[in-house]
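Participant:
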Amino acid sequence: MSQASKGEKHEAAKDRSMVLQKQMIAEHYERLERAPETGEPVVYTFVPGNLTELIRAFGALPVLPEINALQSGMRGRSRDFISEAERLGHSEDVCTYVKCDIGMLKSGNIGPTGTRLPKPDLLLLSYTGCYTFMKWFELLREEYDCPTVFLQVPYQGDGKLSAEHRDYIAQQLRGQVIPALEKVTGKKYDDTIEAELKRRLALAAKAEDDLVAVLQSAKKKPSPIDAYFGGVYYIGPIFSAFRGTEEGVAYYEALRQEVEARAAAGKGPITPDGPLDKQDYRLVVEGPPNWTHFRQFWSMFSDWNAVVVASTYTKVGGVYDFGFRHDPDDPLGTMADYCGGCYTNLNMPSRIDMLVDYIEQYSADGFLINSVKSCNSFSAGQLLMLREVEKRTGIPGAFIESDLVDPRYFSAANIKNRLESYLQMVDARRAERAGGGGGGGGSQGAEARP
Amino acid sequence: MTEQTGQTEQAQQAQQARERIVGWARERYEDLSFGHARRWCEEFQAKAIGHLPVYAPREIIDAAGMLPVGILGGGDQLEIIRGDAFYQSYICHLPRSVIELGQSGRLDFLSGVLFPSTCDVIRNLSGMWQVLHPEVYVRYVDLPQSDDRAIAQRFWEGELRVLMRDLGRVAGLAGPVSDDALRASIARYNDVRRVINELYNLRREMPWTVPTEELYLLLRAGEVVPPELFIEKTRAYLEAARATPDRVRDRVRVVVTGAFCEQPPLGLLKTIERAGCYIVDDDLLVGNRLLVGEVETEGDPVAALARAFVERARETSVIYEGDVDGKRTLLKRRAEAAGADGVVFAAPSFCDPALLDRPMLKAGAEAHGIPCIAFKYAENSAQFQQFREQAGTFADAIKLWGGQ
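Those protein sequences? They're chains A and B, same order as listed.
Position one of the first sequence corresponds to residue 0 (numbering that gives the first Met the number 0), numbered consecutively onward.
Position one of the second sequence corresponds to residue 0 (numbering that gives the first Met the number 0), numbered consecutively onward.
1. Which residues bound the beta strand (DSSP E) around arginine 281/A?
2. Give the DSSP-derived three-state secondary structure of tyrosine 139/B in the structure shown.
3. DSSP three-state label for asparagine 369/A, please.
4. For the beta strand (DSSP E) containing glutamine 151/A, list its first residue and its last residue.
5. Flag this pair as yes or no: are the beta carbons of glutamate 99/B and glycine 82/B separated by less than 8 Å?
6. Out of Gly286/B, Val120/B, Gly22/B, which one is the CA nearest neighbour of serine 373/A?
7. Got a sec, what are the start and stop residues for the alpha helix (DSSP H) leucine 196/A sits in?
8. What does glutamate 387/A reach in chain B if we use C-beta pairs closer than 8 Å?
9. Can you check which of these residues, Ala204/A, Val62/A, Arg391/A, is closest to phenylalanine 136/A by C-alpha distance?
10. For histidine 494/A, which three-state DSSP category applies?
11. So is threonine 184/A buried or exposed if we call it buried at 16+ other beta carbons inside 10 Å?
12. Compile a chain-ordered list of the residues in the region 63-88 of chain B whose CB is closer than 7 Å to at least one CB of chain A.
13. Rounding to the nearest angstrom, what Cα-Cα distance links asparagine 304/A and glycine 48/A in this structure?
14. I'd like the list of long-range same chain contacts for glycine 363/B, defined as Cβ closer than 7 Å, with 5 residues on each side in sequence excluded.
15. Is it right to say glutamine 385/B is buried, meaning 16 or more other beta carbons lie within 10 angstroms of its own, or is it exposed?
16. Report buried or exposed for serine 77/A, applying the criterion of at least 16 other Cβ atoms within 10 angstroms of its Cβ.
17. Would you be able to state if there are at least three C-beta pairs under 8 Å between the region 277-290 of chain B and the region 370-379 of chain B?
18. How should glutamine 15/B be labelled, buried or exposed, when 16 other C-beta atoms within 10 angstroms of its C-beta is the threshold for buried?
19. Are the C-beta of glutamate 181/A and some C-beta of chain B separated by less than 8 Å?
20. From which residue to which residue does the beta strand (DSSP E) around glutamate 400/A run?
21. What are the boundary residues of the alpha helix (DSSP H) that serine 96/B is part of?
22. Under DSSP, the alpha helix (DSSP H) around phenylalanine 386/B begins and ends at which residues?
23. Do arginine 246/B and aspartate 404/B come within 8 Å of each other at the CB atom, strictly closer than that value?
24. Buried or exposed: which applies to glutamine 155/A, given that a residue is buried once 16 or more other Cβ atoms fall within 10 Å of its Cβ?
25. Write down the C-beta distance between arginine 165/A and aspartate 336/A rounded to the nearest angstrom, noting that I regard them as a contact closer than 8 Å.
26. Report the rounded CA-to-CA distance for glutamate 42/B versus leucine 109/B, giving the unit in angstroms.
27. Anyone know if the C-beta pair for leucine 217/B and leucine 198/B falls short of 8 Å?
28. Could you tell me which residues DSSP pairs with threonine 270/A in its beta bridges?
29. Opposite proline 223/A in the DSSP bridges: which residues?
30. Under 9 Å between beta-carbons, which chain B residues line up against cysteine 346/A? List them in chain order, please.
31. Taking 8 Å as the CB-CB cut-off, is glutamine 171/A touching chain B?
32. Of all the CB atoms in chain E, is at least one closer than 8 Å to the CB of arginine 281/A?
33. If contact is defined by three or more beta carbon pairs under 8 Å, each pair taking one atom from either stretch, is the region 271-279 of chain A in contact with the region 248-255 of chain A?
34. Shorter than 8 Å from the beta carbon of phenylalanine 349/B to some beta carbon of chain A?
35. Closest to arginine 199/A by C-alpha separation, out of Val97/A, Asp402/A, Gly110/A, Pro330/A, would be which residue?
36. For lysine 452/A, which residues from the same chain have a beta carbon less than 7 Å from its beta carbon, with the 5 sequence-adjacent residues on both sides left out?
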């Protein structure tokens, strides 16, 4: 049992940055609710390939349906929304984010924080790394009387974004996306808007620097962060409405200071059950988390003093830790690079390379794939990834299954058993490498298991 | 010999010709080792390039002097031994049987495989193929989705040029596939599309003359034989079919939709028809007729092929629908064109494109008073009783009460 969860039941412990983020999100939803009165145009778009700086430069507000869906999942509301969508004829086989969103819409469109979501003035369909996005907005278009603009981001099938593909994205931005935003906001893309876009891209780059410093702090032992369960909080602002904003920059400055202070003090991250300073397992995780049982899922790791040191899910809205930053000197080109480089737009060999790199760079003891039923973009091919990463690193991997926001697909006992068996196997491997005898002996010496 | 005897003999000969052609097609459909394609490659010292559904520009493969081979899974004839180890239970069946075909060496005669942008599963399969078969040319073919035609056409021309360069290299040509070779191939594939249209027209006009089982077997054969041979066989079939119509049965006319990628077992198609439906339109193997009308054979062939796709591609779930009324009216238009009484949504389990589209298409059809039923299948479904009951009840309901 971890030092965090021993003794009495804890209230969920929170970092200061988490509190700050909660305020930012609440204010954003309130602003969205007031949008019909304030006249601020509302643009619905997706996390991967989002063009927040451009939307904001035009004075519009972004709404991200995946965020609404995952928040609904965390707040225990997704089951009813999904049931409502299935009752309306949506297949049980398809993405539960989509069904959660449609169910929420059909149930009055009250967002996760309890405020009413405004109707979109524009559906900005960024087709980056996920086929379902295309259908999602075709479906939403049936519900709203508003224009849709489509941005096709070619897949990096050859492992890189070719110059032609980059140019294709930039052409669409110039020829389709910008004119659509001009029409909806009544503003011309002139020097003033472009200057504002550049300013926001510079703000984005600053926040990206801080985010990368935070994520890479996990190379330290003990890691001052959990790069998966904690990581999803860290990416929240930059993957949603706050990239390219002053609030976003302030959040990442505060977060970085907080993490650096923890690192300097040799402390671990705050988990829902308290601080995790003693870390017996360093893991890399591939795939999105389950949102409906998020805290329980996290506790399964922290109970075993397991910390996640790197994850691929935290790259789904942008891969920054291999050098990319938004470049204010090339606004359209840099947005094209960003869209093309989001994690699920990378081909399978690139995704395998990334996992191998993380395992090596972050001195991981193991890696785990959480395969979610809803997301073929992530999940199709993960069993091959498991095999290839094992082959290349010599480190065994674990495979568990759940879903994004459908609680019917979260089997706690099953996941817990698999995780515990896996960690015991990691112990056994360590013992073998250490020359035999006994289990235990984690990174810092594991105690007897619960 | 009397005139009547002569006619009987002619009909018998036509019937025999028809059976021979269907038998020829069935042999190729059932041949999961691609023996005929392999022999063709040996005989002509040529290579073969595979492609997944839904649409791949087969003209470029053909113009490179190689054989285009549609990879459509293993159907209900292939035992999956290795393929299941690569996929979770909630992924459709097609990729497991494709992996099975690959891992068992049945596709080792292919020098390359194209993975068109159909869905995320096929997209990710392209990368899996790169890992599992590093010796083979692999390309993910990103179809143009932008609804700005000029931008989309420029993009697609660029993609086609890349394929011409790469496939020229794979074929061992001195350079890229030439424009002249591509023009000649476009002309051949115009003929392919023409005979397929004839086949569909005849079935639509006299569905008792062209059972869907036979039409489908011919189309499947067309996926693995050179275009000239497909054209020859299909023309001969059309002639024989016109000479040997079956008796007209009391069946309703239906459009089958949703089956454009993972293919239904043949038994399912037969079941739908035997349960009291004539299939008068479908999207089975729709890639072979995705381009509507003739592709120009004069001028720049790459521009012509790109223009045909961007301006005249058949509407399908795998291409973005820019027109807000497109989904709402699609099945009404298809049903009217085919003179259909109803729509059968037959989609593979876990098929994102078909199943995400279904609520929109179904609402559109029902808003126009077109009755619908829906069921899911897998390529290896073996029990058809449930489908028979559903389709039979559907047909009876239409006969009794007509549309809504």
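We treat Cβ as the ideally placed atom computed from N, Cα and C, and that holds for glycine.
Facilitator: Reading from the atomic positions:
1. Locating residue 281/A in the first sequence gives position 282, counting from the first residue. Start and end: 280-285.
2. Sequence index remark: in the second sequence, residue 139/B carries index 140 (1-based). Tyrosine 139/B falls in the strand class under three-state DSSP.
3. Along the first sequence, read from residue 1 onward, the residue named residue 369/A stands at position 370. Strand at asparagine 369/A.
4. Against the first sequence, residue 151/A aligns to sequence position 152. Counting along the chain, the beta strand (DSSP E) containing glutamine 151/A begins and ends at 147-151.
5. The residue labelled residue 99/B in the question sits at position 100 within the second sequence. The residue labelled residue 82/B in the question sits at position 83 within the second sequence. Yes.
6. Here residue 373/A is taken as the residue at index 374 of the first sequence, counted from 1. Ranking Gly286/B, Val120/B, Gly22/B by Cα distance to serine 373/A puts Val120/B first.
7. Against the first sequence, residue 196/A aligns to sequence position 197. First-last of the alpha helix (DSSP H) with leucine 196/A: 190-215.
8. Stepping through the first sequence from its first residue, residue 387/A is reached at position 388. Under the 8 Å cutoff, chain B gives Val130.
9. Along the first sequence, read from residue 1 onward, the residue named residue 136/A stands at position 137. Comparing Cα-Cα distances from phenylalanine 136/A to each of Ala204/A, Val62/A, Arg391/A, the minimum goes to Val62/A.
10. What the structure shows of chain A is the stretch from 0 to 449, and residue 494/A is not part of that stretch, so it cannot be assessed.
11. As a position in the first sequence, residue 184/A is number 185, starting the count at 1. By the Cβ neighbour-count rule, threonine 184/A is buried, with 16 or more other Cβ atoms within 10 Å of its own.
12. The residues in question are Ala84, Phe85, Tyr86, Gln87.
13. The count along the first sequence starts at 1 and reaches residue 304/A at position 305. The count along the first sequence starts at 1 and reaches residue 48/A at position 49. Across the structure, asparagine 304/A and glycine 48/A are spaced so that their CA atoms are roughly 35 Å apart.
14. Within the second sequence, the letter at position 364 stands for residue 363/B. Only Lys326, Arg327, Thr328, Leu329, Leu330, Lys331 meet the Cβ criterion.
15. Residue numbering aside, residue 385/B sits at position 386 when the second sequence is read from its first letter. Glutamine 385/B should be labelled exposed.
16. Translated into positions along the first sequence, residue 77/A becomes position 78. Looking at its Cβ environment, which holds 16 or more other Cβ atoms inside 10 Å, serine 77/A is buried.
17. No contact exists between the region 370-379 of chain B and the region 277-290 of chain B.
18. In the second sequence, the residue the question calls residue 15/B occupies position 16. With fewer than 16 Cβ atoms within 10 Å of its Cβ, glutamine 15/B is classed as exposed.
19. Against the first sequence, residue 181/A aligns to sequence position 182. Any Cβ of chain B closer than 8 Å to the Cβ of glutamate 181/A would place that residue at the interface, and such an atom is absent.
20. Start at 1 with the first residue of the first sequence, and residue 400/A comes out as number 401. Element bounds for glutamate 400/A: 396-401.
21. The residue labelled residue 96/B in the question sits at position 97 within the second sequence. For serine 96/B, the uninterrupted alpha helix (DSSP H) run begins and ends at 93-102, by DSSP.
22. One-based indexing of the second sequence puts residue 386/B at position 387. Where phenylalanine 386/B is concerned, the enclosing alpha helix (DSSP H) stretches over 384-400.
23. The structure shown does not extend to residue 404/B, since chain B spans only 0 to 403, so no value can be given for it.
24. As a working mapping, residue 155/A is identified with position 156 in the first sequence. Glutamine 155/A should be labelled buried.
25. Looking up residue 165/A in the first sequence gives position 166. Looking up residue 336/A in the first sequence gives position 337. 7 Å between Cβ atoms; contact.
26. What you label residue 42/B is simply residue 43 of the second sequence in a count that begins at 1. What you label residue 109/B is simply residue 110 of the second sequence in a count that begins at 1. C-alpha of glutamate 42/B to C-alpha of leucine 109/B: approximately 15 Å in a straight line.
27. Taking the first residue of the second sequence as 1, we reach residue 217/B at position 218. Taking the first residue of the second sequence as 1, we reach residue 198/B at position 199. Yes, they are a contact pair.
28. Numbered from its first residue, the first sequence carries residue 270/A at position 271. Looking at the DSSP assignment, threonine 270/A forms a beta bridge with Gly273/A.
29. In the first sequence, residue 223/A corresponds to position 224, counting from 1. DSSP, once it has assigned bridges, lists no residue as partnering proline 223/A.
30. On the first sequence, residue 346/A is found 347 positions in, with the first residue counted as 1. This sequence places asparagine at residue 346/A; cysteine is not what is there. Result: Arg122, Asn123, Ser125, Gly126, Gln129, Tyr139.
31. As a working mapping, residue 171/A is identified with position 172 in the first sequence. With respect to chain B, the C-beta atom of glutamine 171/A has a partner C-beta closer than 8 Å.
32. Protein chains in the displayed structure are A and B, and chain E is not among them.
33. The region 248-255 of chain A vs the region 271-279 of chain A: no contact.
34. Working through the second sequence from its first residue, we reach residue 349/B at position 350. Under the Cβ distance rule, phenylalanine 349/B counts among the residues neighbouring chain A, one pair being separated by less than 8 Å.
35. The residue given as residue 199/A occupies position 200 in the first sequence. Looking at the Cα atoms, Pro330/A is the closest of the given residues.
36. What is shown of chain A runs 0 to 449, which leaves residue 452/A out entirely.
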